[in-house]
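Residue numbers (UniProt numbering): 1 to 69.
Don't be surprised by glycine CBs; every beta carbon is placed ideally from N, CA and C.
First comes the structure, then the notes that go with it.
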Amino acid sequence: MPIRLKKFIGTIALIVLVVVYAVLATAYASLHLADASGWVHLLYFFFTGILWVVPAMLLIRWMEAKPKR
């Protein structure tokens with residue numbers, strides 16, 4: 001696959017990943033943590049804010065990989 005196509009697909013996938021992840025994380029917090037304390041919210045959003053980096057890192061690594069010949 002050409003590198004430019006790979007980067008284009010990866011960019012679109014990264015945008016979709018971030019938007020979907022943010023919506024799902026916020027929806028879960030709204031439904032299940034509504035009555036929780038501020039510290040629970042802080043910890044939840046701290047960890048979910050970091051957790052999206054793992055799939056994004058794998059996607060970026062795929063985008064940057066040299067084409068096999």
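Is the beta carbon of residue 13 closer than 7 Å to that of residue 51? To locate residue 51, count along the sequence shown from 1; it is residue 51. To locate residue 13, count along the sequence shown from 1; it is residue 13. Residue 51 places its beta carbon 7 Å or farther from that of residue 13.
So, are the CB atoms of residue 63 and residue 10 less than 7 Å apart? As a first step, residue 63 is located in the sequence shown; it is residue number 63 there, counting from the start. As a first step, residue 10 is located in the sequence shown; it is residue number 10 there, counting from the start. Cβ atoms of residue 63 and residue 10: closer than 7 Å.
Please look up how many angstroms separate the CB atoms of residue 25 and residue 48, rounded, as I've assumed it's under 8 Å. For the purposes of this step, residue 25 is taken as residue 25 along the sequence shown, with counting starting at 1. For the purposes of this step, residue 48 is taken as residue 48 along the sequence shown, with counting starting at 1. About 4 Å; that satisfies the 8 Å criterion.
If you draw a straight line from the C-alpha of residue 8 to the C-alpha of residue 69, how long is it? On the sequence shown, residue 8 is found 8 positions in, with the first residue counted as 1. On the sequence shown, residue 69 is found 69 positions in, with the first residue counted as 1. Distance between the alpha carbons of residue 8 and residue 69 is about 20 Å.
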